[in-house]
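Asks: Before I ask anything, here is the structure I am working with.
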Ligand code: FAD
Ligand code: SF4
Ligand code: SF4
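Numbering (this note's numbering), first residue to last: 1 to 462.
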């Protein structure tokens with residue numbers, strides 16, 4: 001990996017923690033690749049990046065060609081290089097991992113693309129010809145951005161509608177700056193705009209227009225709204241001051257970092273400064289909360305997770321980073337109640353052990369009788385995952401088919417829903433997932449929409 005800043009320095013700011021590779025280190029790292037005949041790294045990369053070829057070009061100092069190749073399969077390569085859980089994807093499948101550390105593929109991908117930006121090789125869309133058909137994309141997160149990128153390059157008129165004031169979805173308001181600095185997302189948004197994508201910000205579909213109204217305006221629609229309904233646990237003391245959902249907490253911190261006025265941060269409701277903080281959960285969101293709390297100057301930060309380290313859903317690399325920064329993990333522990341008299345003072349927790357596996361193969365956590373204990377806390381952050389909002393009702397489109405979990409049903413290949421010309425991608429189809437999967441979906445949808453609109457044009461002409 002490139003040099004990682006020391007934990008003491010990291011705790012002081014929200015800047016990214018890895019420095020950029022030096023050219024010779026990137027070439028040396030890339031040259032470690034064995035150029036496998038069957039590259040398992042590529043098989044396990046959701047966008048099927050041609051990893052061995054761009055590593056080879058990097059090893060030989062041919063960075064512009066490496067960039068051209070890497071961007072041909074990924075609309076946001078420097079973002080994936082920063083925040084993909086590579087240990088579970090490309091790098092986790094690298095065959096030289098056993099006995100040696102795997103090739104640090106993500107860091108090289110980031111290096112190639114950051115170098116391309118510095119050298120002006122990253123260019124806005126400049127389609128060979130303009131098409132008069134237009135596409136409305138609901139949601140400007142990574143899925144919507146990837147679909148917009150490809151559709152605009154094909155010459156379509158692309159409009160992104162988003163209820164937020166900034167483009168990027170969770171890249172801006174969920175994921176903290178120490179994993180992904182915000183100017184990295186902003187320059188991508190500018191690139192789309194420079195390439196002719198039209199943004200309609202502060203525009204909430206369901207409030208400012210119905211799905212039907214947008215369908216009447218555009219030749220195709222992409223729904224890329226993500227999942228935002230926080231999962232909750234109903235425990236005694238839940239409604240008290242100081243028990244807050246993770247995304248509200250992270251959004252307040254990100255907005256503060258972007259220079260916005262954030263009253264909930266200023267008045268301490270969503271600010272960990274000087275507090276004993278307990279975060280409940282073991283996924284990426286929980287990791288982001290604990291590390292944000294450390295940077296805000298919390299007195300202590302504990303992460304309560306009902307399974308153990310081996311069975312946590314979050315990235316192991318991020319857990320290690322959190323531990324280095326001073327976070328204490330309380331494995332095999334679950335909350336039973338939130339203590340306090342209107343204002344939280346602690347969490348009553350119980351120890352767990354892992355029992356027999358359920359139908360999914362995961363061992364079921366079970367309470368250890370009599371092991372209750374109290375953990376002091378003035379801020380408790382619930383990071384228990386997200387569910388979709390009720391999109392058919394919200395969009396005024398009860399005929400839109402959804403699964404029993406509320407995610408939109410879309411064809412796995414074409415991404416088309418049951419409504420003609422309406423496509424759906426990213427978290428709103430998969431449930432809470434990963435940035436790289438949203439990008440893959442966005443690119444696949446762009447290819448299907450192109451075919452769909454071409455067929456329509458032929459049918460209209462004949
Ligand atoms: P989103 O990014 O959620 O974007 C959806 C957009 O739609 C938003 O801009 C929203 O404002 C807009 N929208 C919603 N409803 C409407 C409406 N009615 N009208 C108009 N606009 C609307 N993934 C990783 O790969 N690596 C990580 O390290 C990682 N860390 C994460 C940390 C946190 C805290 C969270 C919450 C998630 C993390 N993820 C991570 C997951 C990742 O962010 C998501 O999988 C990804 O952003 C999904 O992309 P999307 O485009 O489907 O949706
Ligand atoms: Fe690895 Fe993600 Fe890059 Fe694919 S997109 S090569 S999984 S870092
Ligand atoms: Fe190179 Fe590892 Fe991929 Fe093989 S699996 S091609 S060694 S990066």
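Backbone N, C-alpha and C fix where the C-beta goes; we use that ideal spot for every residue, glycine too.
(1) Are there three or more Cβ pairs, one per stretch, closer than 8 Å when the segment 235-249 is compared with the segment 177-196?
(2) Please report the straight-line C-alpha distance between residue 349 and residue 373, rounded to a whole angstrom.
(3) Measure the alpha-carbon distance for residue 20 versus residue 87 and round it to whole angstroms.
(4) In angstroms, rounded to a whole number, what distance separates the CA positions of residue 257 and residue 32?
(5) Is residue 303 a contact residue of ligand 2, with contact defined as CB to any heavy atom under 7 Å?
(6) Any chance the CB of residue 394 is under 7 Å from a heavy atom of ligand 1?
(7) Can you tell me where the alpha helix (DSSP H) with residue 252 in it begins and where it stops?
(8) Where does residue 353 land, buried or exposed, given buried means 16+ other C-beta within 10 angstroms?
(9) Just to confirm the assignment: which complete alpha helix (DSSP H) runs, minimum length 4, are found wholly within the segment 131-198?
(10) Might you give, ordered along the chain, the residues of its own chain that have their beta carbon closer than 7 Å to the beta carbon of residue 316, omitting 5 neighbours on each side?
(11) Pull the bridge partners of residue 304 from the DSSP assignment, please.
(12) With DSSP as the reference, please indicate the residues paired to residue 373 in a beta bridge.
(13) Assuming residue 392 and residue 400 form a contact by the criterion Cβ under 8 Å, report the distance between their Cβ atoms to the nearest whole angstrom.
(14) Grab me the residues of residue 437's own chain with a C-beta within less than 8 Å of its C-beta, minus the 5 sequence neighbours each way, in chain order.
(15) I'd like to check one pair, residue 58 with residue 26: are the Cβ atoms closer than 8 Å?
(16) Report the three-state DSSP secondary structure of residue 416 (helix, strand or coil).
(17) Whose C-beta lies closer than 8 Å to the C-beta of residue 92 among residues of the same chain, with five residues either side of it excluded?
(18) Go to residue 236, then tell me how far its beta strand (DSSP E) extends in each direction, as first and last residue.
(19) Let me confirm a value: residue 458 is counted as buried when at least 16 other C-beta atoms fall within 10 Å, else exposed. Which label applies?
Replies: The short version:
(1) Output reads no: the segment 177-196 does not touch the segment 235-249.
(2) Residue 349 sits at position 349 when you count from the first residue of the chain shown. Residue 373 sits at position 373 when you count from the first residue of the chain shown. Each residue's alpha carbon lies about 5 Å from the other.
(3) To locate residue 20, count along the chain shown from 1; it is residue 20. To locate residue 87, count along the chain shown from 1; it is residue 87. A direct Cα-Cα distance of roughly 19 Å separates residue 20 from residue 87.
(4) Within the chain shown, numbered from 1, the residue matching residue 257 stands at position 257. Within the chain shown, numbered from 1, the residue matching residue 32 stands at position 32. Whole-angstrom Cα-Cα distance: 38 Å.
(5) On the chain shown, position 303 is the one that residue 303 refers to. No; taking the cut-off as 7 Å, the Cβ of residue 303 has no heavy atom of ligand 2 nearer than that.
(6) Along the chain shown, read from residue 1 onward, the residue named residue 394 stands at position 394. True, at least one ligand heavy atom lies under 7 Å from that Cβ.
(7) Counting from 1 along the chain shown, the entry for residue 252 is found at position 252. For residue 252, the enclosing alpha helix (DSSP H) starts and ends at 246-257.
(8) The residue you call residue 353 lines up with position 353 of the chain shown. With fewer than 16 Cβ atoms within 10 Å of its Cβ, residue 353 is classed as exposed.
(9) Within the segment 131-198, the complete alpha helix (DSSP H) runs of at least 4 residues are 142-153, 170-173, 182-194.
(10) Numbered from 1 along the chain shown, position 316 holds the residue referred to as residue 316. Closer than 7 Å at the Cβ level, and outside the excluded window around residue 316, lie 87.
(11) As a working note, residue 304 is residue 304 in the chain shown. For residue 304, the pairing in a beta bridge is given by DSSP as 280, 330.
(12) Translated into positions along the chain shown, residue 373 becomes position 373. Residue pairing by DSSP places residue 373 opposite 349 in a beta bridge.
(13) Reading the chain shown from its first residue, position 392 is the one you call residue 392. Reading the chain shown from its first residue, position 400 is the one you call residue 400. For residue 392 against residue 400, the beta-carbon gap comes to about 5 Å, under 8 Å, which counts as contact.
(14) Here residue 437 is taken as the residue at index 437 of the chain shown, counted from 1. Excluding the 5 residues flanking it on each side, residue 437 has same chain C-beta neighbours closer than 8 Å at 46, 426, 430, in chain order.
(15) Along the chain shown, read from residue 1 onward, the residue named residue 26 stands at position 26. Along the chain shown, read from residue 1 onward, the residue named residue 58 stands at position 58. It is a contact, given that the beta carbons lie within the stated cut-off.
(16) The residue you call residue 416 lines up with position 416 of the chain shown. In this structure, residue 416 counts as strand in the three-state DSSP scheme.
(17) Counting from one through the chain shown, the residue named residue 92 turns up at place 92. Correct list, in chain order: 44, 86, 102.
(18) Here residue 236 corresponds to residue number 236 of the chain shown, with the count starting at 1. Neither: residue 236 is in no beta strand (DSSP E) and is coded neither H nor E.
(19) In the chain shown, residue 458 corresponds to position 458, counting from 1. By the 10 Å Cβ count, residue 458 comes out exposed.
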